[in-house]
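**Q** In this text, residue positions in the sequence shown follow the working numbering: the first is 318, and each later residue adds one.
Virtual Cβ for every residue (Gly too), placed ideally from N, Cα, C.
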Amino acid sequence: MHNDDEADHAGHGAPALAAQHRPLARLAVALVSCFCLLLACLQGWSAWRAYRAELEDGRVETANMARALASHAQTSIKLGDAVLAEMVERVEHDGMGDAATARLTGRLRDITREVGELHGLFVYGPDGRWLTSSLPRPMQGNNFDREYFQYHLLHADRGTHVGMPVRSRSTGVWILPLSRRLQHPDGSFAGVALATLNLGWFGRFYDSFNLGPGSTILLALDNGTLIYRHPFRDDQVGMDVRSGPLWQQVRQGSAAGSGVLRSKLDNVERLYSWRHLQGFPLYVASGQAKDVILADWRRTTLQTAVLAVAAMLLLAWGGGVLVDQIRARERLERDLRRASMSLQRHNASLQSLADSDGLTGLANRRLFEERLVHEYERARRNGASFALIMADVDHFKGYNDRYGHPAGDDCLRQVAAAVAAGARRPSDLAARYGGEEFAVILADTDLAGAHAVADKIRAALADVDLRHADSPTGRVTVSMGLYVGLPALAEHDDALAWVEAADRLLYEAKRAGRNRVVARQEHAAAA
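Here you go:
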């Protein structure tokens, strides 16, 4: 019937048929043109995303580097701080008599030999003269003019002062002075204890990293004084970098950050990450040259752009009705995929809401009871061992009353994280049973294994170290009941009986003094 209609229509003449085909051809050309434009936009968007991803990868890498550098510098300076504290205590307690000085000198030399970061340890009198040091021979001279000496002469604070980098008068190498004030019992100025860090130590550590061309590392004081920059240049030590963009970012007060900045020292644009040292007026920064970070991206983008142009030319050449059909089919497939993914995400979201506890993220009681029955029946069929832990936060009401419900919620989340740390196998399940009570299903687990999981939960909670003033221990603890058995030997086929048994053991733990695990292995929980 359709063929007859076509024949009848053709009988009306070629002009009518051409009138229909000409708009269809123009539509096909328009569709191909639009698709080419879309492909170009997608190429640009993909290149932009890849560009941002490369920069983000570089940011993560430099941020990790800055974290490692800050940790290294923090450790070195804290070590010097600890040594200075010991020196001040010895001088102010034992004095500087001949015997005390001899003991102190020996101690300073021992410390310097053992600690690679230290260049030397020194004690100066109130007039700047050297009283003793870790050097192998006595030195003559006076350090009254040094910046750190003048600082302690004019300031009464007893903390460690990080001074300006200077060349050592004893060895000629670049050092970073750390110093503390010495004072008499009446509080008057008695001199300075000095520990010097060898900048070469930092240089050797920085040189151990494979940074790549154009990369840099720097250590500087908060006042804008450059202590060390890799690659090292002698004339840059002590340079004022306050006019540089990096210092401008650091001075804004954030403890850590990242950004693309152009260095005023060598005019290279880099992706920098910086981190301030906690408790000391220093910061470290790591930078990678932006051109190096984006080198692979530029090459890949050029290759994909050439392929995209070739594809657009091919599509333009193959226009017409076929393009229209292909575009229609692609739109349909794309819509179907989008709808399917949207449905899957929606279903996954609903399933997650139905199965998880909103506060802790653990499984909720509904999912717990479903899995309990499932794993219990599986253990009964296979003749396998089955374990259940019931845990309860000790003195939780007192915690809520003292610290408030928001803190109580945070406490439950951290306890939940400790409980979850014990349920690591796919068949295990950690759940919030209700209130401050938690449960852990351990399929195919004997008494020793289940006890190890319980101990792991308690250890994880101990590592969190939550303060609880109303607890006898002073910290948040949990009591646990652990019941293990063979469901195949149980007198009654009742999974919930395992819960009752573990709950009884939990309250035995409560009565026994809390913060403990009470475990039992039987096979007749239902009885």
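Going straight from the alpha carbon of cysteine 353 to that of leucine 588, what length do you get?
**A** 35 Å
**Q** Buried or exposed for glutamate 406, please, with buried defined as at least 16 other CB atoms from any protein chain shown within 10 angstroms of its CB.
**A** exposed
**Q** Counting Cβ pairs closer than 8 Å, one from the segment 673-683 and one from the segment 780-797, do we hit at least three?
**A** The segment 673-683 makes no contact with the segment 780-797: fewer than 3 CB pairs, one atom from each, lie closer than 8 Å.
**Q** Could you tell me the alpha carbon to alpha carbon distance between leucine 543 and leucine 435, rounded to whole angstroms?
**A** If you draw a straight line from the Cα of leucine 543 to the Cα of leucine 435, it is about 20 Å long.
**Q** Less than 8 Å between the CB atoms is what I'm expecting for glycine 798 and valine 770, so what's the real figure, rounded?
**A** Rounded, the Cβ-Cβ distance is 13 Å, inconsistent with contact.
**Q** Go through its chain and collect everything with a Cβ distance to arginine 730's Cβ below 6 Å, but skip five positions before and after it.
**A** Once the five neighbours on either side are set aside, the close Cβ partners of arginine 730 are Thr677.
**Q** Return the residue from the list His501, Gly700, Pro548, Asn515 that minimises the CA-CA distance to glycine 433.
**A** Asn515
**Q** Between serine 487 and leucine 386, what straight-line distance do the alpha-carbon atoms span, to the nearest angstrom?
**A** 28 Å
**Q** Between which residues of its own chain and tyrosine 523 is the CB-CB distance below 6 Å, once the five residues before and five after are set aside?
**A** Ile534, His547
**Q** Restricting to Cα atoms, I'd like to know which of Ser560, Ala417, Arg446, His691 is closest to leucine 813.
**A** His691
**Q** Based on the DSSP output, what are the partners of methionine 707 in its beta bridges?
**A** Ala756, Gly798
**Q** What are the boundary residues of the beta strand (DSSP E) that leucine 448 is part of?
**A** 447-450
**Q** Classify histidine 436 as helix, strand or coil using the three-state DSSP reduction.
**A** strand
**Q** Quick check on this structure: which residue in Tyr720, Leu689, Leu679, Leu684 has the alpha carbon closest to the alpha carbon of valine 732?
**A** Leu679
**Q** Would you mind working out which of Gly361, Leu611, Leu421, Ser580 sits nearest leucine 624, comparing C-alpha positions?
**A** Gly361
**Q** So, with DSSP's three-state summary, where would you put phenylalanine 352?
**A** helix
**Q** Between the alpha carbons of arginine 742 and alanine 572, how many angstroms are there, rounded?
**A** If I take the Cα positions, the gap works out to 39 Å.
**Q** So, at 6 Å on beta carbons, what are the nonlocal neighbours of arginine 430 in its own chain, with the 5 sequence-adjacent residues on each side left out?
**A** none
**Q** Can you look up glutamine 838 in the DSSP assignment and give me helix, strand or coil?
**A** strand
**Q** Taking the straight line between their C-alpha atoms, what separation do you get for arginine 925 and arginine 683?
**A** Absent from the structure is residue 925, since the part of the chain shown begins at 318 and ends at 844.
**Q** Could you tell me the distance, in whole angstroms, from the CA atom of cysteine 358 to the CA atom of methionine 629?
**A** 12 Å
**Q** Could you tell me the boundaries of the alpha helix (DSSP H) in which proline 723 lies?
**A** 722-739
**Q** Pick helix, strand or coil for glycine 635, following the three-state DSSP scheme.
**A** coil
**Q** Does the distance from the C-beta atom of serine 525 to that of glutamine 605 stay below 8 Å?
**A** No; because the gap between Cβ atoms is not below 8 Å, this pair is not in contact.
**Q** Return the residue from the list Ala510, Tyr441, His389, Leu448 that minimises the CA-CA distance to alanine 402.
**A** Ala510
**Q** Only counting the same chain, and skipping five residues up and downstream in sequence, which positions put a Cβ closer than 7 Å to that of aspartate 711?
**A** Ser788, Thr794, Val795, Ser796, Arg831, Asn832
**Q** Just to confirm, is the Cβ distance from alanine 767 to alanine 704 under 8 Å?
**A** yes
**Q** According to DSSP, leucine 493 sits in a beta bridge with which residue or residues?
**A** Beta-bridge partners assigned by DSSP to leucine 493: Leu514.
**Q** Taking the alpha carbon of serine 393 as the reference point, which residue from Gly751, Gln838, Leu599, Gly504 has its own alpha carbon closest?
**A** It is Leu599.
**Q** Would you decide whether tryptophan 365 is buried or exposed? Buried here means 16 or more other CB atoms lie within 10 Å of its CB.
**A** exposed
**Q** Would the beta-carbon of valine 757 fall within 8 Å of that of aspartate 772?
**A** For valine 757 and aspartate 772, no; Cβs fall outside 8 Å.
**Q** Pick helix, strand or coil for serine 788, following the three-state DSSP scheme.
**A** coil
**Q** Would you mind stating whether leucine 421 and threonine 449 have Cβ atoms separated by less than 8 Å?
**A** yes
**Q** For my contact list, leucine 611 and serine 702 are in at a C-beta cut-off of 8 Å; report their separation, rounded to the angstrom.
**A** Leucine 611 to serine 702, Cβ: 57 Å. No contact.
**Q** Taking only three categories from DSSP, how would you classify glycine 397?
**A** Helix.
**Q** Which first and last residues belong to the alpha helix (DSSP H) in which threonine 533 is found?
**A** Where threonine 533 is concerned, there is no enclosing alpha helix (DSSP H), although the beta strand (DSSP E) it sits in stretches over 533-538.
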